[in-house]
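J.: Under the working numbering, the sequence shown has 36 at position 43, and the numbering climbs by one with no breaks.
Using N, Cα and C, we set each Cβ at its ideal position, and we do this for glycine too.
This structure is a prediction, so every number in the text was calculated from the model and none was measured.
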Amino acid sequence: MNMSNQELSDTLEDVINNTKIFDIHTHLFPSAFKSHSLSGFINLLNYHYLIAELLTNANISAEKFYSLDDVNKAKLIWEELFQNRTPISEACKGVLTVLQKLDINYNNKTFEELKNEYENKSLTDEKILKLSNVSSLVMTNNPFDIDEWNLYKDNDWDRNIFQSSLRLDDLIINNSQATEVAKNQTKINQKADDIVINYLDSCFLVSNPVYAAISANSDNFKEILNDPLWKLILSWLNKKNIPLSLMLGVKRAVNSSFGLAGDGIGDINLKELSKLCNSFPENKFLVTCLSLNDQHELTVLARKHPNLKIFGFWWFMNQPSIIKIVLKMRIDMLGLSFIPQHSDARVTDQLIYKWSHFKNILHEILYEYYEDLSKKNFELSKFIIERDINNLLNQNAKSFFLK
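#1: Under 7 Å between the Cβ atoms of Asp162 and Ser200?
#2: Could you tell me the alpha carbon to alpha carbon distance between Trp142 and Thr19, rounded to whole angstroms?
#3: Check each candidate in Val243, His298, Ser392, Leu37 and name the one with the smallest Cα separation from Glu112.
#4: Tell me which residue opens and which closes the beta strand (DSSP E) that Leu302 is part of.
#5: Please report the Cβ distance between Val203 and Ser158, rounded to the nearest whole angstrom; I am assuming they are in contact, meaning their Cβ atoms lie under 8 Å.
#6: Can you list the beta strand (DSSP E) stretches of 3 or more residues lying completely in the stretch 258 to 300, in chain order?
#7: Would the beta-carbon of Leu227 fall within 7 Å of that of Asn300?
#8: Does Lys123 come out as helix, strand or coil in the three-state DSSP assignment?
#9: Inspect the beta-carbon positions of Trp307 and Leu283 and report whether they are closer than 7 Å.
#10: Do three or more CB pairs link the stretch 170 to 183 to the stretch 205 to 221 at distances below 8 Å?
#11: Here's a check: name, in chain order, each residue in its chain whose Cβ is nearer than 6 Å to the Cβ of Asp186, leaving out the five neighbours to either side.
#12: Hey, is the stretch 328 to 344 in contact with the stretch 374 to 388, meaning 3+ C-beta pairs nearer than 8 Å?
#13: So, using beta-carbon positions, are Ile44 and Asp63 closer together than 7 Å?
#14: Can you grab the Cα-Cα spacing for the pair Asp365 / Met322, in whole Å?
#15: Who does Asn209 pair with in a DSSP beta bridge?
#16: Can the beta-carbon of Ser115 be found closer than 7 Å to that of Thr341?
#17: Given a cut-off of 7 Å on the beta-carbon distance, is the pair Ile316 and Ile354 in contact?
Okay, structure coming up:
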């Protein structure tokens, strides 16, 4: 006997809210790593999404904004985007969601009052993970940034919760400098490419990464297909049985004066991605694209290449209006076999709103699909819904990593 529509909606909401999440891409660090971990109200406001919104709307230059200290940057963002304007953008609403979830009434309060009230919540990693129901997450770890890599000298953080990845962009952006770092760390005299592989081996042993990752556009993506070093890296990844995560279609420094907030959308030729999947059939590729224009072709490729797994809505794609359209397209062509979301959080507190917002959308979309199945006499049960949601938020990623 099928559930009523209300029972279906309630069951789906309950299951989504109670399913543990494996967040496969973040820029977070454990709070014990104080030099790199970001949290709290000030960092929540000083997010590069909000900085870009401020600099394109308020009467302040990037140079003047970046000359301010962090508190005054955050105060300006609050005043300009939340008080002088209606905070209706997705990035603004994210801040409001965090305040709401923390039971902070932000209406008719000064910035200083909100800052103090927020700080008095004394949020910890554990509290935020519990609020967002994230059981584990993957960091972005650059092995060519030695200050950042010092994280692995410490043992005062939970490696089961904060899992590692190897971000290899430096091998594309500045190969000679990255190779020099590898040489200094390995203290061996070999060919440059062998030095890099040996260094990656040592990093693997220290960090036990879930995957390696790069961001790329059409120009530098060709290197993966043509550069002998990348053929060695792909062979190394295959031996280690870890995927290469490809975040495709970014153009760095569209407006360099904006700093981190100045990156935009570049080109990517997904025919080259298909060629990569065919050329390295034993390798696994996690893929997300930054432009809406690439989503349909990417979804079709995921139907053709079993070693390709789509994940998430990255950066400019992470807008509710876009997510709804593309999520439905993915379900229509892939069923529930993809990885629907990652937080991309840079501030630990962002986990609260990033996942809350996505879970609301997931409920809306899946309810529509389940209701349609019910009309076709398919008997839905709580067990089926729990299985589906666990696969989407947890198991699809883990199964692909272990494949």
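T.: According to the structure data:
#1: With contacts defined as CB atoms closer than 7 Å, Asp162 and Ser200 fail to qualify as a contacting pair.
#2: Near 16 Å, if we compare the C-alpha coordinates of Thr19 and Trp142.
#3: Nearest neighbour of Glu112 by Cα position, chosen from Val243, His298, Ser392, Leu37, turns out to be Leu37.
#4: Here the sequence assigns Lys to residue 302, which means Leu is not the residue at that position. 301 to 303 is the extent of the beta strand (DSSP E) around Lys302.
#5: The beta-carbon distance between Val203 and Ser158, rounded to whole angstroms, is 6 Å. This is short enough to meet the 8 Å contact definition.
#6: You should have 278 to 282.
#7: Result no, Cβ atoms of Leu227 and Asn300 do not sit closer than 7 Å.
#8: Residue state, collapsed to three classes: helix.
#9: In this structure, Trp307 sits near Leu283, with a CB-CB distance shorter than 7 Å.
#10: Counting Cβ pairs under 8 Å, fewer than three are found: no touch.
#11: Only Leu222, Leu225 meet the Cβ criterion.
#12: Flag = yes, the stretch 328 to 344 and the stretch 374 to 388 touch.
#13: Their beta carbons are not under 7 Å apart, which means Ile44 does not touch Asp63 by this criterion.
#14: Taking the CA atoms as reference points, Asp365 sits about 16 Å from Met322.
#15: According to the sequence shown, residue 209 is Ala rather than Asn. DSSP, once it has assigned bridges, lists Leu241 as partnering Ala209.
#16: Taking 7 Å as the Cβ cut-off, Ser115 and Thr341 do not qualify as a contacting pair.
#17: Cβ distance < 7 Å, so Ile316 and Ile354 count as in contact.
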